[in-house]
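First the structure, in the form of structure tokens, and then the observations on it.
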Amino acid sequence: MATDPPATLAAWLRTRSDEQLGALLALRPDVARPAPSDVVGLATRLAVPVSVDRALDELDAGTLQVLDAVLLSPTDGMSRADLAAALPDAPVEAALELLTARALLWGDDVVHAPEPVRRAVRFPAGLGRPRTPPPADVEGDLATVDDEERTVLEALAQDNPLGRLPVDHSTRADAADESPARRLLRRGLLTRVDAATVELPRQYGLALRGDRPYGPTRTRPEPTTTHRDPEVTDRRAAGAALEVVGRVGELLAAVEEDPAGLLRSGGMAIRDQKRLAKALGVDERQAAFHIEVAHAAGLLDLGGPHRDEWLPSRGYDTWREQPLPERWALLAAGWLDSLRVIALVGQRDPAGKAVNVLSPDVVRHTVPAVRRAVLATLGELPAGEGLATDDLLDLLRWQSPRRGDRYTLVPALVEEAERLGVVVAGRLSSGGRGLLAAGEEGAADGMRGLLPEPVDHVLAQPDLSLVAPGPLVPELARTLATVADVESSGGATVFRVDEGSIRRALDSGWSASELHDFFARASRTPVPQALDYLVDDVARQHGRLRVGAIESYVRSDDHGLLSQVLSDKRSAPAELRRLAPGVLVSGLPADEVLAVLRTAGYAPAGESAGGAVLTRPPGRPRATARPGGRPAAGPRPLRAEEVEATVREIRAGDAALAARRTDPARQIPGVTTASTLELLSRAVREQLPVWLGYVDAQGSGSRRTVQPLTLGGGFLSGFDEGRGEERTFAVHRITSVDLVDRG
5 MATDPPATLA
15 AWLRTRSDEQ
25 LGALLALRPD
35 VARPAPSDVV
45 GLATRLAVPV
55 SVDRALDELD
65 AGTLQVLDAV
75 LLSPTDGMSR
85 ADLAAALPDA
95 PVEAALELLT
105 ARALLWGDDV
115 VHAPEPVRRA
125 VRFPAGLGRP
135 RTPPPADVEG
145 DLATVDDEER
155 TVLEALAQDN
165 PLGRLPVDHS
175 TRADAADESP
185 ARRLLRRGLL
195 TRVDAATVEL
205 PRQYGLALRG
215 DRPYGPTRTR
225 PEPTTTHRDP
235 EVTDRRAAGA
245 ALEVVGRVGE
255 LLAAVEEDPA
265 GLLRSGGMAI
275 RDQKRLAKAL
285 GVDERQAAFH
295 IEVAHAAGLL
305 DLGGPHRDEW
315 LPSRGYDTWR
325 EQPLPERWAL
335 LAAGWLDSLR
345 VIALVGQRDP
355 AGKAVNVLSP
365 DVVRHTVPAV
375 RRAVLATLGE
385 LPAGEGLATD
395 DLLDLLRWQS
405 PRRGDRYTLV
415 PALVEEAERL
425 GVVVAGRLSS
435 GGRGLLAAGE
445 EGAADGMRGL
455 LPEPVDHVLA
465 QPDLSLVAPG
475 PLVPELARTL
485 ATVADVESSG
495 GATVFRVDEG
505 SIRRALDSGW
515 SASELHDFFA
525 RASRTPVPQA
535 LDYLVDDVAR
545 QHGRLRVGAI
555 ESYVRSDDHG
565 LLSQVLSDKR
575 SAPAELRRLA
585 PGVLVSGLPA
595 DEVLAVLRTA
605 GYAPAGESAG
615 GAVLTRPPGR
625 PRATARPGGR
635 PAAGPRPLRA
645 EEVEATVREI
655 RAGDAALAAR
665 RTDPARQIPG
675 VTTASTLELL
685 SRAVREQLPV
695 WLGYVDAQGS
705 GSRRTVQPLT
715 LGGGFLSGFD
725 EGRGEERTFA
735 VHRITSVDLV
745 DRG
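In my numbering, the protein residues as written are 5 to 747.
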């Protein structure tokens, strides 16, 4: 026995199997949390504009062309056979499978577009909205245009029906002096959107396209790929990974030594960025990249007494002890999920001011999805195959044309991925594939075995440099950061030992004998005699001056040295005066006096109240971790058991709703379902009368015949045939809607 086809989306959803409903929930997980109470609740969720836009954004150009054909159909729906005839070269059945699985179309033999989808696709197939009232003679109107006017119309009939009116400075009223667009506007072949924008009505656009109303068939681009040995790609990726880990480590060490200040507008000051760029031996643009990557990984954040300084976070202490693959994986995973667009640093904002590194002005919530789309597209290629950036852009724009405006960032994002070692010359590295498939853990696994093992020694050179032939074990790296300065980094890091670094070690509590032992133990080559002499010379001078608190004092057994300090103009900022033979005092704090004397070239040591030499505190300030972890890249996918449980809950709610269904006029109002809105929208669009169940403000129910006129803002305007007048109905008080059968 034949049954009537479903009349609404909710009714059609009831005909779907549990497997089909589960597939819908898996494809659109945002509608499944919390679980809808029944099928009507699910249909309502599917109509939410944000959910509709997200689902449409995931469709490729070919699938969207099939959807456009349905939206342009003059009737409410379109049969599958008519669709196949309208788009003979397009994979119609595959596209319909995608669209119905996501409930962007519904129906079996005849497919329909829900009203929220119609609203979301403003210009289907790049055609404008229909003119109201419709033109009486489209072909006749087009026959009257001249060559200039036809050029304008044909340009607007391509893929964007909107155009800008040229500025008209003429004061003459002669129509012959008007621009072609203004002449077309005056004759009704264009319609005005606003003071400067016009639109080509759909009727004229279709006529101009002739026998190709939907435009050329949108086929997937097939760009030429380039091949390179995957092992070569991975070796280059390992080199980039090693460099970025080293640079970030140097950056954090520099910030630990001298924290960067926070601007009142947010971000880091230009002077601090320049200082860090100099410390890393890179330009400011590269310094901004490493600063942003460290921040994205949670290794650099705000701290200090008033959270007004950029400091290494507590996670930095753990990170620098980890093996190299794990250290790189944290940086790569932080970059992938970051909401910040590093390429915007240094550009001008709307006010003309340069955007600072770590500024809130570079936050873009869509950029994680773009990064993942780039890596996913490259990940579809076999290992060793790659794409040029322009070809990658073409492919991305076909895969998701509604996100096309976001893809202007792609060249900059590919460049960042190459600096990290995620991508090499348009090819995804093994670490990049692991990052895409399994996040931080997969990235570490993909890079394991490619990065060199840390070394526990250096090579001392006669010129007082120490060469590290590879990445250092954490303990040796920490010690060298105290006793030497990085001169150059790369595959082999060069450290420089000088008077300042030896003095820094002595200030930290090292003795001369301990420094001799360390260099002898750490170096695989003999320690140069010049290095031993340097340690002894600096140690001999260190501590001859003692600084304490009076606010502070300076004492020394060498009275001549104190006289030299008093007469030295460089020590004048310390505000010293002689208190007694061998003792100078100052009204400044001890830290300030120490800083002045060290800047003047002396080697004072701090002293406690008991006369003991003070060392710098071993603990360094740290920023607290940011709450909440990394941002979500989108709705979390549903697990299989979650899908099954949600489908069971929907079915149970639907059964309960059917059991308690009563006379529509006596139902309690207050819930506007998607099926109600959909049926009302259809009635307005096709001028169909409806039976309306309605409860007024006093709670009285009624059932009446209404000819709908407009629907919007939560109200339905229509002609009430029973009362013979036009009335307005609050949509939330409508309890039922049925089409009037007057056949």
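Cβ atoms here follow ideal geometry from the backbone N, Cα and C, with glycine treated the same way. Values in this document were obtained by computation on a predicted structure and should not be read as measured data.
{"Item": "What are the partner residues of E682, as DSSP defines its beta bridges?", "Value": "E682 is not bridged to any residue."}
{"Item": "Terminal residues of the continuous beta strand (DSSP E) containing V558?", "Value": "S556 to R559"}
{"Item": "On a Cα-Cα basis, can you pick out the residue from D42, E247 and P205 that is closest to P329?", "Value": "E247"}
{"Item": "So, under 8 Å CB-CB, A242 and L455 are touching, yes? Tell me the CB distance rounded to an integer number of Å.", "Value": "5 Å"}
{"Item": "Pull the bridge partners of R489 from the DSSP assignment, please.", "Value": "At residue 489 the sequence reads Asp, which differs from the Arg that was named. Answer is R500, bridged to D489."}
{"Item": "Contact between the region 710-728 and the region 681-698 is defined here as three or more beta-carbon pairs at a separation below 8 Å; is this criterion met?", "Value": "yes"}
{"Item": "For D561, does the count of other Cβ atoms within 10 angstroms reach 16, so buried, or fall short, so exposed?", "Value": "exposed"}
{"Item": "To the nearest whole angstrom, what separates the beta carbons of P139 and D145, a pair I think is in contact under 8 Å?", "Value": "6 Å"}
{"Item": "What three-state label does DSSP hand Y698 in the structure shown?", "Value": "strand"}
{"Item": "How big is the Cα-Cα spacing for A107 and S317?", "Value": "46 Å"}
{"Item": "What does a CB cutoff of less than 8 Å around V197 pick up in its chain, not counting 5 residues either side in sequence?", "Value": "L166 and E203"}
{"Item": "What number of angstroms, rounded off, separates the C-alpha of D658 from the C-alpha of L68?", "Value": "32 Å"}
{"Item": "What is the DSSP secondary structure of A584, counted as helix, strand or coil?", "Value": "strand"}
{"Item": "Classify Q277 as buried or exposed, calling it buried when 16 or more other Cβ atoms lie within 10 Å of its own Cβ.", "Value": "buried"}
{"Item": "Do H546 and L510 have their CB atoms nearer than 9 Å?", "Value": "yes"}
{"Item": "For the alpha helix (DSSP H) that R186 lies in, which residues bound it at each end?", "Value": "P184 to R190"}
{"Item": "Please state if the CB of R559 and the CB of L570 are separated by a distance shorter than 9 Å.", "Value": "no"}
{"Item": "Under a three-way DSSP split, which group does E62 fall into?", "Value": "coil"}
{"Item": "Between the Cα of G564 and the Cα atoms of P577, L588, E579 and L538, which residue gives the shortest distance?", "Value": "L588"}
{"Item": "Can you grab the Cα-Cα spacing for the pair F733 / F719, in whole Å?", "Value": "6 Å"}
{"Item": "Throw me the rounded Cβ distance for the R222 and A65 pair, which I believe falls under 8 Å.", "Value": "4 Å"}
{"Item": "Within 8 Å: the Cβ of V477 and any heavy atom of the ligand SAH?", "Value": "No copy of the ligand SAH appears in this structure; indeed no ligand is present at all."}
{"Item": "By a C-beta neighbour count over all protein chains shown, 10 Å radius and 16 as the cutoff for buried, is H116 buried or exposed?", "Value": "buried"}
{"Item": "Going by the beta-carbon positions, is the gap between A147 and R213 smaller than 9 Å?", "Value": "no"}
{"Item": "Would you kindly check if the distance between the Cβ of A336 and the Cβ of E419 is under 9 Å?", "Value": "no"}
{"Item": "Can you tell which of L100, S679 and R410 has the C-alpha that lies nearest to the C-alpha of V374?", "Value": "R410"}
{"Item": "Would you kindly work out how many angstroms separate the C-alpha atoms of I654 and D113, rounded to a whole number?", "Value": "25 Å"}
{"Item": "Considering only residues of the same chain and omitting the five flanking positions on each side of P234, which have a CB-CB separation below 6 Å?", "Value": "A387 and G388"}
{"Item": "From this set, G250, A39, A257 and F293, which residue's C-alpha is nearest A347's C-alpha?", "Value": "F293"}
{"Item": "Determine the extent of the alpha helix (DSSP H) in which H294 is found, giving its start and end residues.", "Value": "E288 to A300"}
{"Item": "Are the CB atoms of T650 and G45 nearer to each other than 9 Å?", "Value": "no"}
{"Item": "Is DSSP giving R507 helix, strand or coil here?", "Value": "helix"}
{"Item": "Can you check which of these residues, L304, W323, Q326 and R525, is closest to T751 by C-alpha distance?", "Value": "There is simply no residue 751 to check, as the chain begins at 5 and stops at 747 in what is shown."}
{"Item": "By DSSP, does D150 sit in helix, in strand, or in coil?", "Value": "coil"}
{"Item": "What is the C-beta distance between A301 and A448, in whole angstroms, given that I count them as a contact (C-beta under 8 Å)?", "Value": "Wrong, their Cβ atoms sit about 13 Å apart, outside the cutoff."}
{"Item": "Select from G722, D742, R626 and R652 the residue whose C-alpha is nearest the C-alpha of E682.", "Value": "D742"}
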